[in-house]
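> Below are the structure tokens for one structure; questions will follow.
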Amino acid sequence: MSRRRQIYEGKAKILYEGPEPGTLIQYFKDDATAFNAQKKGTIQGKGVINNRISEYVFTRLNHIGVPNHFIRRLNMREQLVRQVEIIPIEVVVRNVAAGSISKRLGIPEGEPLPHTLIEYYYKDDALGDPLIAEEHIACFGWANNEEMQDISSMAIRVNDFMCGMFAAINIRLIDFKLEFGRVWDGEYSRVILADEISPDGCRLWDMATGEKLDKDRFRRDLGGEEEAYQEVARRLGLLQDDNGPSEVFDLSKHRKLRGK
1 MSRRRQIYEG
11 KAKILYEGPE
21 PGTLIQYFKD
31 DATAFNAQKK
41 GTIQGKGVIN
51 NRISEYVFTR
61 LNHIGVPNHF
71 IRRLNMREQL
81 VRQVEIIPIE
91 VVVRNVAAGS
101 ISKRLGIPEG
111 EPLPHTLIEY
121 YYKDDALGDP
131 LIAEEHIACF
141 GWANNEEMQD
151 ISSMAIRVND
161 FMCGMFAAIN
171 IRLIDFKLEF
181 GRVWDGEYSR
191 VILADEISPD
201 GCRLWDMATG
211 EKLDKDRFRR
221 DLGGEEEAYQ
231 EVARRLGLLQ
241 DDNGPSEVFD
251 LSKHRKLRGK
């Protein structure tokens, strides 16, 4: 498909004008960022892997009735999506303590939470995507009460589905980020899932070894980012596998090379 007018460029993706009104082409980059773009780098082939994984997850979510913006994958790095009005909130679903919640509350990383926790962050890189409460969302009109009910119920359903999906391939879903947007029909709108679901926005740990199979390998200078992303895709059946489905991913060589 010929390249069209660029609409927006983010840290991991570029959005182009779609072939029909109400559509966009979403292009996945290899760029990697962390700590609100304070750390930047490249994970070779990340865009290709994330495109495939996000396609797979969004398609399966659509099959269980979770409305989302995905229409179809176009090629190795691009997919056709519905254009939405993005709600300026990042929704983080947590099952196990890791990352910022461990730092904020002093909970040891890896400790299961008493129950699934949903947190909301205001989407603003300049402000560091601050943690917000539902009262902030209502006060500033970022989303109304009905929309927040839809968002929270969809987030829980996505979590339930993905926990099972990843557990089936021996991966523990620690936490993940979601974004939502509005689609309009005249004066009425409804909320659907948008953006992407990939190792960029999920914490994924091998159930047997505890190895991190996500962007934390980049954040924490662990090495092996490309292999980790490929391993998630391989286990989901999205890559050719010559070594058999029972092979356990081992990143010990990266730790030895880096003296860790």
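Everything in the sequence shown is counted per full-length UniProt numbering, starting at 1 for the first residue and increasing by one.
The beta-carbon is built from N, C-alpha and C at its ideal position, and this holds for glycine as well.
So, with DSSP's three-state summary, where would you put S198?
On the sequence shown, position 198 is the one that residue 198 refers to. Correct three-state label for S198: coil.
> I need the DSSP call for T59, collapsed to helix, strand or coil.
Looking up residue 59 in the sequence shown gives position 59. Helix, per DSSP.
> Alpha carbon to alpha carbon, how far is V93 from residue 310? Give it in angstroms, no decimals.
Outside the shown range of the chain (1 to 260) lies residue 310, about which nothing can therefore be said.
> Measuring straight from C-alpha to C-alpha, what distance separates K46 and N75?
The residue labelled residue 46 in the question sits at position 46 within the sequence shown. The residue labelled residue 75 in the question sits at position 75 within the sequence shown. Going by the C-alpha atoms only, they are around 14 Å apart.
> Which value, in whole angstroms, describes the spacing of the CA atoms of E109 and W205?
By one-based count along the sequence shown, residue 109 stands at place 109. By one-based count along the sequence shown, residue 205 stands at place 205. Approximately 12 Å between the Cα atoms of the pair.
> When burial is assigned at 16 or more other CB atoms within 10 Å of the CB, is L239 buried or exposed?
Locating residue 239 in the sequence shown gives position 239, counting from the first residue. By the 10 Å Cβ count, L239 comes out exposed.
> Decide if E135 is buried, meaning its Cβ has at least 16 other Cβ atoms within 10 Å, or exposed.
Stepping through the sequence shown from its first residue, residue 135 is reached at position 135. Its Cβ having fewer than 16 others within 10 Å, E135 is exposed.
> Tell me whether Y229 is buried or exposed, calling it buried when 16 or more other Cβ atoms sit within 10 Å of its Cβ.
As a first step, residue 229 must be located in the sequence shown, where it is residue number 229. Per the 10 Å Cβ criterion, buried.
> Run through the region 74-108 for me and flag every whole alpha helix (DSSP H) of 4 or more residues, listed as ranges in chain order.
Listed in chain order, they are 100-105.
> Does the Cβ of residue 263 have 16 or more other Cβ atoms within 10 Å, making it buried, or fewer, making it exposed?
Summary: the structure shown does not reach residue 263, with the chain confined to residues 1 through 260, and so no result is reported for it.
> By the DSSP assignment, the alpha helix (DSSP H) with I156 in it spans what residues?
Working through the sequence shown from its first residue, we reach residue 156 at position 156. Here the alpha helix (DSSP H) through I156 covers 145-167.
> In this structure, what does DSSP give as the bridge partners for I118?
As a first step, residue 118 must be located in the sequence shown, where it is residue number 118. Its beta-bridge partners are V93.
> Which term fits K260, buried or exposed, when burial requires 16 or more other beta carbons within 10 angstroms of its beta carbon?
For the purposes of this step, residue 260 is taken as residue 260 along the sequence shown, with counting starting at 1. Bear in mind that a pLDDT of 46 at K260, under 50, signals an unreliable position, so the number given afterwards is only what the model happens to contain. Per the 10 Å Cβ criterion, exposed.
> Are the Cβ atoms of I107 and E225 separated by less than 8 Å?
As a first step, residue 107 is located in the sequence shown; it is residue number 107 there, counting from the start. As a first step, residue 225 is located in the sequence shown; it is residue number 225 there, counting from the start. Taking 8 Å as the Cβ cut-off, I107 and E225 do not qualify as a contacting pair.
> Using only alpha-carbon positions, find the residue among E179, A167, P88 that is nearest to A138.
Position 138 of the sequence shown, counting from 1, holds the residue named residue 138. Among E179, A167, P88, the Cα nearest to that of A138 is on P88.
> On the three-state DSSP scale, how would you describe E9?
On the sequence shown, residue 9 is found 9 positions in, with the first residue counted as 1. E9: strand per DSSP, three-state reduction.
> Which same chain residues, not among the five before or five after D124, have their C-beta less than 6 Å away from its C-beta?
Here residue 124 refers to the residue found at position 124 of the sequence shown. Result list for D124: empty, nothing under 6 Å.
> Measure the CB-CB distance between V81 and I71 and report whether it falls below 8 Å.
If you number the sequence shown from 1, residue 81 lands on position 81. If you number the sequence shown from 1, residue 71 lands on position 71. In contact: V81 and I71 (Cβ atoms closer than 8 Å).
> On the CB-based measure, 16 or more other CB atoms within 10 Å of its CB, does S198 come out buried or exposed?
Counting from 1 along the sequence shown, the entry for residue 198 is found at position 198. It is buried - the Cβ of S198 has at least 16 other Cβ atoms within 10 Å.
> In three-state DSSP terms, what is A32?
Mapped onto the sequence shown, residue 32 falls at position 32. Note: A32 maps to strand in three-state DSSP.
> What is the residue span of the alpha helix (DSSP H) that F140 lies within?
Indexing the sequence shown from 1 puts residue 140 at position 140. F140 -> no alpha helix (DSSP H), and no H or E assigned at all.
> Quick check: the Cα distance between L117 and A126, rounded to an integer number of angstroms?
Taking the first residue of the sequence shown as position 1, residue 117 is located at position 117. Taking the first residue of the sequence shown as position 1, residue 126 is located at position 126. C-alpha separation (whole angstroms): 25 Å.
> Helix or strand or just coil, what does DSSP make of E17?
Within the sequence shown, residue 17 is the residue found at index 17, counting from 1. Note: E17 maps to strand in three-state DSSP.
> DSSP puts I192 in a beta bridge; with which residues?
The residue labelled residue 192 in the question sits at position 192 within the sequence shown. Paired residues: G181.
> Look at I86 and E179 and say whether their C-beta atoms are less than 8 Å apart.
Locating residue 86 in the sequence shown gives position 86, counting from the first residue. Locating residue 179 in the sequence shown gives position 179, counting from the first residue. Taking 8 Å as the Cβ cut-off, I86 and E179 qualify as a contacting pair.
> Would you tell me roughly how many angstroms separate the C-alpha atoms of G223 and D31, rounded to the nearest one?
Position 223 of the sequence shown, counting from 1, holds the residue named residue 223. Position 31 of the sequence shown, counting from 1, holds the residue named residue 31. For G223 and D31, the distance between alpha carbons rounds to 15 Å.
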